[in-house]
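What follows is a single structure, written as C-alpha cells, with notes after it.
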Amino acid sequence: EQVFLEVRVSNLPAIALYERAGFERIARRVAYYPVTLLEESREDALVMRRRISVHWI
50 EQVFLEVRVS
60 NLPAIALYER
70 AGFERIARRV
80 AYYPVTLLEE
90 SREDALVMRR
100 RISVHWI
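In this text, residue positions in the sequence shown follow the numbering used here: the first is 50, and each later residue adds one.
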C-alpha cells in the first residue's frame, strides 16, 4: 500500500515534516500550481510517497 501527496517546492517546512514522517520525493511536476494574486509565475510541485502496511492505518 502507498500514500501519495503533492506539495509546493517552496513549502520547505511541510517537505521537512513529510520526510520525517517517512515520505520520499519521487517526482516533480513543473508549473503545477497556477498563478495567484501573490505569485507572478506558476510553481512546481513535489510528488511524495510513503509506503505503508495495513497495520499503519
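Just so it is clear, CB atoms sit at the ideal spot from N, CA and C, and this is done for glycine as well.
- Ile75 carries a strand assignment under DSSP once its states are collapsed to helix, strand and coil.
- Ala76 counts as exposed, since fewer than 16 other C-beta atoms from the protein chains shown sit within 10 angstroms of its C-beta.
- Of the candidates Asp93, Leu86, Gly71, Asp93 places its Cα closest to the Cα of Asn60.
- Judged by their CB atoms, Arg99 and Val56 are not nearer to each other than the 7 Å cut-off.
- Look at Ala94 here: in three-state DSSP terms it is strand.
- In terms of Cβ geometry, Leu54 and Met97 form a close pair [threshold 7 Å].
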